[in-house]
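J.: Numbering (the numbering used here), first residue to last: 238 to 294. The beta-carbon is built from N, C-alpha and C at its ideal position, and this holds for glycine as well.
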């Protein structure tokens, strides 16, 4: 007769859940917002729209 398992089932690691928790846990929210704002600003300044808006000629 096979031995019985003790305890509950072991959850497998889901990388999508890990990434979601890293971004949306309340402890990390200010850091995620800051990095996102920086990325949006850099992308905007590197695009052609920034030249049209910031340097009118």
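Do residue 289 and residue 281 have their CB atoms nearer than 8 Å?
T.: In the chain shown, residue 289 corresponds to position 52, counting from 1. In the chain shown, residue 281 corresponds to position 44, counting from 1. No; because the gap between Cβ atoms is not below 8 Å, this pair is not in contact.
J.: Taking Cβ positions, are residue 259 and residue 251 nearer each other than 8 Å?
T.: Indexing the chain shown from 1 puts residue 259 at position 22. Indexing the chain shown from 1 puts residue 251 at position 14. Not in contact: residue 259 and residue 251 (Cβ atoms no closer than 8 Å).
J.: Residue range of the alpha helix (DSSP H) that residue 278 falls in?
T.: Indexing the chain shown from 1 puts residue 278 at position 41. Residues 266-283.
J.: Which residues in the same chain as residue 283 place their Cβ atom closer than 6 Å to its Cβ, once the five residues preceding and following it in sequence are excluded?
T.: Position 46 of the chain shown holds residue 283. Around residue 283: no qualifying Cβ.
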